[in-house]
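Undergrad: First residue of the sequence shown: 1, per our numbering; consecutive thereafter.
We put the beta carbon where it would ideally sit given N, CA and C, even for glycine.
Input: one structure, supplied below.
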Amino acid sequence: MELRLFQSLVDDAARACAASVVELHALPDLLGKARVPGAPELPPFLPAAIGGTLFSRRRRRDETLRKLRALSLAGHLPDAPAQADLRLLRCPDEVLVLFSGEPRPALAVFCADAPLLVDGAIAGFLRVLTLEEPRREVLRALKDAGSHAAMQLSLLHSRKAAEGELARTQKIFARLAGLPAKLLGELDRTLILRTLGQEMQALGAHALVLLLDGDGRLAVAHLSHPPRAVSEALSLLGLSRVRDLASLSVLPERSPLVLRLFASAGVTVDVNADRLLRALLGRGPPRPVREALIDRLSLKNLAAAPLPGTGGVPLGLLVAALPSPIADASWLPLAAAQAALALDAAEQRRKLRDAAAEHDQGLRELRDENARLLEIDRRKDNFLANVSHELRSPMVTTLGYTDLMLAEKLGPLTDKQRQCLSVVKSSGRRLKAFVEELLDFSRFELTRESMNLSQFALADAVAQVVAALGPRLLERRINVRQRVPSGTPKVRADRDRILQVLTNLVGNAERHVPDGGRIQISASEREGLLEVAVQDNGSGIPLLHQPKIFDRLYQVGDVKDGKQRQGLGLGLNIVKSIVEAHGGQVSVQSAVGKGSTFRFTLPIEDAAGAR
Numbered sequence: 001m002e003l004r005l006f007q008s009l010v011d012d013a014a015r016a017c018a019a020s021v022v023e024l025h026a027l028p029d030l031l032g033k034a035r036v037p038g039a040p041e042l043p044p045f046l047p048a049a050i051g052g053t054l055f056s057r058r059r060r061r062d063e064t065l066r067k068l069r070a071l072s073l074a075g076h077l078p079d080a081p082a083q084a085d086l087r088l089l090r091c092p093d094e095v096l097v098l099f100s101g102e103p104r105p106a107l108a109v110f111c112a113d114a115p116l117l118v119d120g121a122i123a124g125f126l127r128v129l130t131l132e133e134p135r136r137e138v139l140r141a142l143k144d145a146g147s148h149a150a151m152q153l154s155l156l157h158s159r160k161a162a163e164g165e166l167a168r169t170q171k172i173f174a175r176l177a178g179l180p181a182k183l184l185g186e187l188d189r190t191l192i193l194r195t196l197g198q199e200m201q202a203l204g205a206h207a208l209v210l211l212l213d214g215d216g217r218l219a220v221a222h223l224s225h226p227p228r229a230v231s232e233a234l235s236l237l238g239l240s241r242v243r244d245l246a247s248l249s250v251l252p253e254r255s256p257l258v259l260r261l262f263a264s265a266g267v268t269v270d271v272n273a274d275r276l277l278r279a280l281l282g283r284g285p286p287r288p289v290r291e292a293l294i295d296r297l298s299l300k301n302l303a304a305a306p307l308p309g310t311g312g313v314p315l316g317l318l319v320a321a322l323p324s325p326i327a328d329a330s331w332l333p334l335a336a337a338q339a340a341l342a343l344d345a346a347e348q349r350r351k352l353r354d355a356a357a358e359h360d361q362g363l364r365e366l367r368d369e370n371a372r373l374l375e376i377d378r379r380k381d382n383f384l385a386n387v388s389h390e391l392r393s394p395m396v397t398t399l400g401y402t403d404l405m406l407a408e409k410l411g412p413l414t415d416k417q418r419q420c421l422s423v424v425k426s427s428g429r430r431l432k433a434f435v436e437e438l439l440d441f442s443r444f445e446l447t448r449e450s451m452n453l454s455q456f457a458l459a460d461a462v463a464q465v466v467a468a469l470g471p472r473l474l475e476r477r478i479n480v481r482q483r484v485p486s487g488t489p490k491v492r493a494d495r496d497r498i499l500q501v502l503t504n505l506v507g508n509a510e511r512h513v514p515d516g517g518r519i520q521i522s523a524s525e526r527e528g529l530l531e532v533a534v535q536d537n538g539s540g541i542p543l544l545h546q547p548k549i550f551d552r553l554y555q556v557g558d559v560k561d562g563k564q565r566q567g568l569g570l571g572l573n574i575v576k577s578i579v580e581a582h583g584g585q586v587s588v589q590s591a592v593g594k595g596s597t598f599r600f601t602l603p604i605e606d607a608a609g610a611r
């Protein structure tokens, strides 16, 4: 991309100046070239592009560029301009060979140089070589072309600087991106601090970590410097081990410097090394000792950021010993935040381990209590099943005699008596529905852990359910259509449970369709499963209630008059539990006033008898 830019600049200058040869020279960093270790030193400026009226063909242009470079290295061409002004020089006779093939005394080659300034310094120059002394308008055109080229080089320099800074930033943040995984992977505080120090060394800095202890005092907890430097620093302080540094601590409220650093959340603060040592060590070590410590541990250029803690109280300070005063340390707050997160997680894990050890007995008691509650729950289910069964028998008798009396089999009735008996019959039927639903639920709860799987045709199960509900359906003149094709694959499931699913869904549809309504039961194979659908043209279910109707004890008020519907809200929950126990799913589609469609899936029995 740069070469195309340089070539366009020299071509434009060649056209503007009507010159025989136009050269653009630039600094190596603008050309994207770096010096290879061991290679000869590069000249300050390198030829970047060439153009002109004599070079219409690429081959000749490349050859001339090579010869010009050779002349420049041999010292025959004028040196790069040292001043920022346009200059005009006469070239040695050796340069004339490039134009005429041999030196001719009557001719001369003139060189006009336009320096190119970038950030106030010469970053290149635009050179015109011509067989006659350039006229004033040619020099003006060269000066204008030089100004344009300088602007382009300035833009190129800014872009390369931004790209270099972006590359450095990406390298730093790529390192920081992997830091949380490395730190959080360690379980011990010592290992976390050691890993943090290694990562900071990879970023070009040494780590000095200061943490608050249990008494609220700030002390050195880790140094990432070489062992020899640490050993020498300890000997200056009269200590033998790094852990002995904990004895040299300070209360944060007694140090304005520490308080200022604690308050600098999210920013990097440059720190004077001597002031930091005096805050940590007090007045004990004299100035020469502090200077020796600064020298041994390379503490001349320090930057610090607080280690954020919960509740606004920092865990300590992360101090970076940088290699130079201009080294970038903007990444330090992010590294401090990640280190604080890992230290806090390690502390939480330690507390959890301690809590687990202290409450072992409590956990055992909790398990025993859970077993006792499970036994109580099992007895409750047994009691519920027995009570439901005992309630159903007298309820059937009550409803039977009520029907006999309403049919006047036991004698004529007055209007008032008939009205009262109708209320008894309606309430009895509702109570019977409650009891039967409760009985189904208790029976399911007691036997939910065991299923008797067998292979059977779904059409037979559908016919059995319709026949069982036939009297009620016939009484209300409800038309039931069975759309289960004869070639429908058999299913492998617990037949009694599937009968209960179909009974609950068809019974639910019967309760909510009007007299003379319509119910359709269909089945079809879809994606290796058998999908069964029970569709009705009843009152429908509002969209708000549809996600909750399979929850236990959830009931939907009547869409039209707001009355509570019959049932305890257990039937659809039983349906969902049975279907999911078979590995299937259940869903509903409904619209108010247009009816509902309940669908569930079952696994199909293949030819080999495997699910």
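Of all the beta strand (DSSP E) runs that stay within the bounds of the segment 468-495, which reach a length of 3 or more residues?
TA: The segment 468-495 contains these whole beta strand (DSSP E) runs: 479-483 and 491-494.
Undergrad: Hey, would you say the C-beta of ALA82 is under 6 Å away from at least one heavy atom of the ligand ZN?
TA: As far as ligands go, the structure on display features none, and thus does not contain the ligand ZN.
Undergrad: Can the beta-carbon of ALA49 be found closer than 7 Å to that of VAL10?
TA: Mapped onto the sequence shown, residue 49 falls at position 49. Mapped onto the sequence shown, residue 10 falls at position 10. Cβ atoms of ALA49 and VAL10: closer than 7 Å.
Undergrad: Mapping DSSP to helix, strand and coil, what is ALA202?
TA: In the sequence shown, residue 202 corresponds to position 202, counting from 1. In this structure, ALA202 counts as helix in the three-state DSSP scheme.
Undergrad: Could you tell me if ASN272 is buried or exposed, where buried requires 16 or more neighbouring beta carbons within 10 angstroms of its beta carbon?
TA: Along the sequence shown, read from residue 1 onward, the residue named residue 272 stands at position 272. It is exposed - the Cβ of ASN272 has fewer than 16 other Cβ atoms within 10 Å.
Undergrad: Using alpha carbons as the reference points, say which of ALA356, ALA149, SER539 and PRO256 lies closest to LEU24.
TA: Taking the sequence shown and counting its residues from 1, one reaches residue 24 at position 24. The shortest Cα separation from LEU24 among ALA356, ALA149, SER539 and PRO256 belongs to ALA149.
Undergrad: Measuring CB to CB, does LEU399 end up less than 7 Å from GLY428?
TA: Locating residue 399 in the sequence shown gives position 399, counting from the first residue. Locating residue 428 in the sequence shown gives position 428, counting from the first residue. Contact: yes.
Undergrad: When you compare the CB positions of GLN520 and GLN500, do they come within less than 7 Å of one another, or not?
TA: Counting from 1 along the sequence shown, the entry for residue 520 is found at position 520. Counting from 1 along the sequence shown, the entry for residue 500 is found at position 500. No. Outside cutoff.
Undergrad: In this structure, does DSSP put GLY38 in helix, strand or coil?
TA: By 1-based counting over the sequence shown, the position of residue 38 is 38. Caution is warranted here: a pLDDT of 46 is assigned to GLY38, below 50, making its placement in the model unreliable, and the coordinate value is therefore given only provisionally. Three-state DSSP puts GLY38 in coil, outside helix and strand.
Undergrad: When you compare the CB positions of PHE125 and PRO115, do they come within less than 7 Å of one another, or not?
TA: Position 125 of the sequence shown, counting from 1, holds the residue named residue 125. Position 115 of the sequence shown, counting from 1, holds the residue named residue 115. Cβ atoms of PHE125 and PRO115: closer than 7 Å.
Undergrad: Assuming ARG127 is part of the alpha helix (DSSP H), what are its boundary residues?
TA: Here residue 127 corresponds to residue number 127 of the sequence shown, with the count starting at 1. Careful: ARG127 lies outside any alpha helix (DSSP H), inside the beta strand (DSSP E) at 121-130.
Undergrad: Which residues mark the beginning and the end of the beta strand (DSSP E) in which GLN589 is found?
TA: What you label residue 589 is simply residue 589 of the sequence shown in a count that begins at 1. GLN589 -> beta strand (DSSP E) spans 586-591.
Undergrad: Within 10 angstroms of its Cβ, does HIS222 collect 16 or more other Cβ (buried), or is it exposed?
TA: Taking the sequence shown and counting its residues from 1, the one referred to as residue 222 is at position 222. Buried, because 16 or more other Cβ atoms sit within 10 Å of the Cβ of HIS222.
Undergrad: Identify whether GLN361 lies in helix, strand or coil by the three-state DSSP scheme.
TA: Walking along the sequence shown from the start, residue 361 turns up at place 361. GLN361 falls in the helix class under three-state DSSP.
Undergrad: Output the distance between the C-alpha atoms of THR130 and MET151, rounded to the nearest integer angstrom.
TA: As a first step, residue 130 is located in the sequence shown; it is residue number 130 there, counting from the start. As a first step, residue 151 is located in the sequence shown; it is residue number 151 there, counting from the start. Their backbone Cα atoms lie some 25 Å apart in a straight line.
Undergrad: Terminal residues of the continuous alpha helix (DSSP H) containing THR414?
TA: Looking up residue 414 in the sequence shown gives position 414. Here THR414 belongs to no alpha helix (DSSP H), and DSSP marks it neither H nor E.
Undergrad: Taking DSSP's pairing of strands, which residues face GLN455 in a bridge?
TA: Numbered from 1 along the sequence shown, position 455 holds the residue referred to as residue 455. Its beta-bridge partners are ARG492.
Undergrad: Among GLU475, ARG472, THR488 and LEU218, which residue has its Cα nearest to the Cα of LEU459?
TA: Within the sequence shown, numbered from 1, the residue matching residue 459 stands at position 459. Rather than Leu, the amino acid found at residue 459 in this sequence is Ala. Checked all of GLU475, ARG472, THR488 and LEU218; the closest Cα to ALA459 is THR488.
Undergrad: Taking only the alpha-carbon atoms, compute the straight-line gap between SER587 and VAL462 and give it to the nearest angstrom.
TA: Your numbering for residue 587 matches position 587 in the sequence shown. Your numbering for residue 462 matches position 462 in the sequence shown. So the alpha carbons of these two residues sit roughly 19 Å apart.
Undergrad: Tell me whether ALA329 sits in a helix, a strand or coil according to DSSP, three-state version.
TA: Locating residue 329 in the sequence shown gives position 329, counting from the first residue. It is coil, neither helix nor strand.
Undergrad: Can you tell me the Cβ-Cβ gap for VAL484 and ALA523, rounded? I've got them flagged as a contact below 8 Å.
TA: Taking the first residue of the sequence shown as 1, we reach residue 484 at position 484. Taking the first residue of the sequence shown as 1, we reach residue 523 at position 523. Right, the Cβ-Cβ distance comes to about 5 Å (below 8 Å), so this counts as a contact.
Undergrad: Report buried or exposed for VAL36, applying the criterion of at least 16 other Cβ atoms within 10 angstroms of its Cβ.
TA: Translated into positions along the sequence shown, residue 36 becomes position 36. Confidence is the limiting factor: at VAL36 the pLDDT is only 42, short of 50, which leaves the residue's position unreliable and the question unanswerable from this model.
Undergrad: Among PRO92, LEU281 and LEU210, whose alpha-carbon lies nearest the alpha-carbon of PHE308?
TA: The count along the sequence shown starts at 1 and reaches residue 308 at position 308. In the sequence as presented, Phe is not what sits at residue 308; that position holds Pro. Closest by alpha carbon: LEU210.
Undergrad: Let me know the secondary structure DSSP gives CYS91 once reduced to three states.
TA: In the sequence shown, the residue the question calls residue 91 occupies position 91. Residue state, collapsed to three classes: coil.
Undergrad: State the beta-bridge partners of CYS111 as determined by DSSP.
TA: Looking up residue 111 in the sequence shown gives position 111. According to DSSP, CYS111 bridges with LEU89 and LEU129.
Undergrad: Using a 10 Å radius around the Cβ and a threshold of 16 neighbouring Cβ atoms, would you call GLU199 buried or exposed?
TA: Here residue 199 refers to the residue found at position 199 when the sequence shown is read from its first residue. Buried: at least 16 other Cβ atoms inside 10 Å.
Undergrad: Look at the Cβ atom of ALA339, then the Cβ atom of LEU196, and state whether they are nearer than 7 Å.
TA: For the purposes of this step, residue 339 is taken as residue 339 along the sequence shown, with counting starting at 1. For the purposes of this step, residue 196 is taken as residue 196 along the sequence shown, with counting starting at 1. Contact: yes.
Undergrad: Name the two residues that bound the continuous alpha helix (DSSP H) containing ASP551.
TA: Position 551 of the sequence shown, counted from the start, is the residue given in the question as residue 551. Careful: ASP551 lies outside any alpha helix (DSSP H) and carries neither H nor E.
Undergrad: Does the separation of the CB atoms of VAL424 and THR402 fall below 7 Å?
TA: Taking the sequence shown and counting its residues from 1, one reaches residue 424 at position 424. Taking the sequence shown and counting its residues from 1, one reaches residue 402 at position 402. Their beta carbons are under 7 Å apart, which means VAL424 touches THR402 by this criterion.
Undergrad: For the alpha helix (DSSP H) containing ALA13, name the first residue and the last one.
TA: Residue mapping note: residue 13 aligns to position 13 of the sequence shown, counting from 1. Where ALA13 is concerned, the enclosing alpha helix (DSSP H) stretches over 2-17.
Undergrad: Suppose you measure from the CA of ARG364 to the CA of GLU358; what does that come to, to the nearest Å?
TA: Within the sequence shown, residue 364 is the residue found at index 364, counting from 1. Within the sequence shown, residue 358 is the residue found at index 358, counting from 1. Rounded to whole angstroms, ARG364 to GLU358 spans 12 Å at the Cα level.
Undergrad: Can you tell me the Cα-Cα spacing of SER393 and LEU406, whole angstroms?
TA: For the purposes of this step, residue 393 is identified with residue 393 of the sequence shown, where counting begins at 1. For the purposes of this step, residue 406 is identified with residue 406 of the sequence shown, where counting begins at 1. Their Cα atoms are separated by approximately 20 Å.
Undergrad: Label SER240 either buried or exposed according to how many other C-beta atoms from any shown protein chain fall within 10 Å of its C-beta, with 16 as the threshold for buried.
TA: Start at 1 with the first residue of the sequence shown, and residue 240 comes out as number 240. Exposed is the call here.
Undergrad: With distances taken between CB atoms, is the gap from ALA112 to ALA13 smaller than 7 Å?
TA: On the sequence shown, residue 112 is found 112 positions in, with the first residue counted as 1. On the sequence shown, residue 13 is found 13 positions in, with the first residue counted as 1. Not a contact, by the Cβ cut-off of 7 Å.
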